[in-house]
Amino acid sequence: MSLRVTGAVAARVLAQLRRDPRTIALIVGVPCLLQTLLKELFAGSSPVFQHVGAPLLGLFPFVTMFLVTSITMLRERTTGTLERLMTLPLGKFDLLAGYGAAFAVFAALQATIVSALAFGLLGLHVAGPQVVVGALAVANAVLGTALGLFVSAFAQTEFQAVQFMPAMVFPQILLCGLFVGRSSMAAWLRWISDAMPLTYAYDALAHTAADTLDGRFAADVAVVCGCIVLALALGAATLRRRTG
Amino acid sequence: MDARLNGVAIRVEALHVVRGGKVVLPELTCAVAHGTVTGLLGPSGSGKSTLIRSVVGVQRVAGGRVEVLGEPAGARPLRSRVGYMTQAPSVYEDLTVRENLRFFARVLGAERGTVERAIGDVSLDDHADRVVSRLSGGQRARVSLATALLGAPDLLVLDEPTVGLDPVLRRDLWQLFHALAERGTTLLVSSHVMDEADRCDALLLLRDGRLLAEGTPAELRARTGVTQLDDVFLRLVDGAAT
Chain L
1 MSLRVTGAVA ARVLAQLRRD PRTIALIVGV PCLLQTLLKE LFAGSSPVFQ
51 HVGAPLLGLF PFVTMFLVTS ITMLRERTTG TLERLMTLPL GKFDLLAGYG
101 AAFAVFAALQ ATIVSALAFG LLGLHVAGPQ VVVGALAVAN AVLGTALGLF
151 VSAFAQTEFQ AVQFMPAMVF PQILLCGLFV GRSSMAAWLR WISDAMPLTY
201 AYDALAHTAA DTLDGRFAAD VAVVCGCIVL ALALGAATLR RRTG
Chain G
1001 MDARLNGVAI RVEALHVVRG GKVVLPELTC AVAHGTVTGL LGPSGSGKST
1051 LIRSVVGVQR VAGGRVEVLG EPAGARPLRS RVGYMTQAPS VYEDLTVREN
1101 LRFFARVLGA ERGTVERAIG DVSLDDHADR VVSRLSGGQR ARVSLATALL
1151 GAPDLLVLDE PTVGLDPVLR RDLWQLFHAL AERGTTLLVS SHVMDEADRC
1201 DALLLLRDGR LLAEGTPAEL RARTGVTQLD DVFLRLVDGA AT
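For the record, the sequence lines run as chains L and G.
Take the first sequence: its letter number 177 is residue 177 in the numbering used here, and every next letter is one higher.
Count along the second sequence from 1, then add 1000; that gives the number in the numbering used here.
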């Protein structure tokens, strides 16, 4: 583990993103637009917006960072820069941690701006502390980054990488408890739901919205953190110094 | 030859490599002497890049041994002592020349001056702050070469560094390679252009994954009795076939 190398990777990833202002605008602008749409869509029924707003705020960075990371890492694999890095004094974990750190910074920016809009202008209300929603958004972004790094190993082209989004992310969003309460799901669906990290991320956000920051909330956060470590370890296992 | 044996930078013994179910290097044995510019020549598909990848330790190897600077290829201590230029430029297209080099220098832990020196060595001073995606193919190749020069490595392994460059730049780069060799750096440089052979101290001629010949350009001429290195290659191929 080298802080110098991790820092170098993080700074480089951020510099690459800075070169691409349109992507930055999309990363920040799209969730703002969706929050506004949601608010207007349920203008007649404010409880729906209050119910969905905070989870959307907290889960959106997961989706964004999953996509951005899987493409960025796939490029690293296909353009030969990964092979080049593997000949340098760089640990696999340094590389992954650098990516995680860069996208966490980015997620913090995204969460800050979207939170300001939702809690300020749109009148979203959570009973618990708003800053916890922001912190969970950043944690979910790192989770998305870690999973994106992992799945990039299974895509040969960018078309394939993009398809991992609906394959890996949509089922988690459908089953996390946001659309249908987990207690009213068929047993086998609940088992699948139990095995998905986003379920715990959603539960933590729901607890924050209800201001019930109890042991259950702490367990949710622990599961999300555990999944980040697990996904990074799986990602590291897909990075090979020697390839065929 | 005996003087060179004392200072072997790369020793390859019975190297066997299979890629995608196809044997690329059946059983290759060769050596590269310390402080020389050794040319690895052969047509495309002859196994040059596979040998190079084995030397820098990124190729999965099925058998044999590759020793680099006294260590097994790819060993941890070699990672800051071996500079590698891949065949396709492996730099970040969305960063500038200088940003790319700063990143690689930081990963290497090299001192800051090394970046400006590398930019100067490949004559990219006027393009240092341009984004790589806006550069020509030859300029991109030079950025990739510059990353290999960072931190003054003891061994430089360069896969076709002069492809697509104009004659003046090619001459300048070969001068740079020899200047580095005089300072004690060992260089292994691949090319599929035979007219670059005369610029090398020693040659490894590769064809179909087999070593056709090794020696200095003069030795190979004497052995085959022809003066053009293209003809030397043809004679050796004919000789191997009969």
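We put the beta carbon where it would ideally sit given N, CA and C, even for glycine.
Under a three-way DSSP split, which group does Asp94(L) fall into? Per DSSP, reduced to three states, the secondary structure at Asp94(L) is helical.
request  = Quick one: using the 10 Å Cβ neighbour count with 16 as the cut-off for buried, is Thr212(L) buried or exposed?
outcome  = Around the beta carbon of Thr212(L), fewer than 16 other beta carbons lie within 10 angstroms, which makes this residue exposed.
Item to check | Beta-carbon contacts of Glu1093(G) that lie in its chain and below 7 Å, excluding the five residues immediately before and after | outcome: Val1132 and Ser1133
Review point. What span of residues does the alpha helix (DSSP H) with Met65(L) cover, start to end?
Key: Ser46 to Thr78
query: Looking at the unbroken beta strand (DSSP E) that takes in Ala135(L), where does it start and where does it end?
result: It is not in any beta strand (DSSP E) - Ala135(L) instead sits in the alpha helix (DSSP H) that spans Gln130 to Val151.
Discussion item. Taking 6 Å as the limit between beta carbons, can you name the residues of its chain near Ala206(L), skipping five residues before and five after?
Written reply: none
*Between Leu1188(G), Pro1043(G), Gly1113(G) and His1016(G), which lies nearest to Arg1207(G) when the distance is taken from Cα to Cα?*
Pro1043(G)
| request: Rounded to whole angstroms, what's the CA-CA distance from Arg84(L) to Gly1070(G)? Just pull it up for me. | output: 22 Å
CA-CA distance, Leu33(L) and Ala209(L)? Taking the straight line joining both Cα atoms gives about 21 Å.
### Query
At what residue ranges does the region 1139–1189 of chain G contain a whole run of the alpha helix (DSSP H), taking only runs of 4 or more?
1167–1182
#### Entry: Test: Val86(L) CB closer than 9 Å to a CB of chain G
Reading off the sequence, residue 86(L) comes out as Met, not Val. Yes, Met86(L) counts as interfacial toward chain G.
Exercise for the section: Indicate whether the contact test is met: 3 or more Cβ pairs, each with one atom in the region 1143–1158 of chain G and one in the region 1076–1094 of chain G, closer than 8 Å. Expected result: yes
| query | Which value, in whole angstroms, describes the spacing of the CA atoms of Arg182(L) and Gly29(L)? | reply | 31 Å
For Ala10(L), count the other beta carbons within 10 Å of its own beta carbon; 16 or more makes it buried, fewer makes it exposed. Which is it?
buried
query: What residue range is occupied by the uninterrupted beta strand (DSSP E) comprising Val1066(G)?
result: Val1066(G): member of the beta strand (DSSP E) spanning Gly1063 to Val1068, first to last residue.
* Asked: So, are the CB atoms of Ala204(L) and Leu136(L) less than 9 Å apart?
  -> It is a contact, given that the beta carbons lie within the stated cut-off.
At a Cβ threshold of 9 Å, is Val1012(G) touching chain L?
-> no
Report the neighbours of Gly1057(G) on chain L: residues whose CB is nearer than 9 Å to its CB, in chain order.
Met86, Thr87, Arg241 and Arg242
* Relative to the ligand HEM, is the shortest distance from any of its heavy atoms to the C-beta of Val133(L) smaller than 8 Å? -> As far as ligands go, the structure on display features none, and thus does not contain the ligand HEM.
#### Entry: Alpha carbon of Arg1170(G) to alpha carbon of Phe1177(G), nearest angstrom
11 Å
What does a CB cutoff of less than 7 Å around Ala1003(G) pick up in its chain, not counting 5 residues either side in sequence?
For Ala1003(G), the predicted structure reports a pLDDT of 41, less than 50, and the residue's modelled location is therefore unreliable. The matter cannot be settled from this model.
Original post:
What separation, rounded to the nearest whole angstrom, lies between the Cα atoms of Ala219(L) and Ala201(L)?
Top reply: 10 Å
* What does a CB cutoff of less than 7 Å around Leu1101(G) pick up in its chain, not counting 5 residues either side in sequence? -> Val1115, Ala1118, Ile1119, Ala1146, Thr1147 and Leu1150
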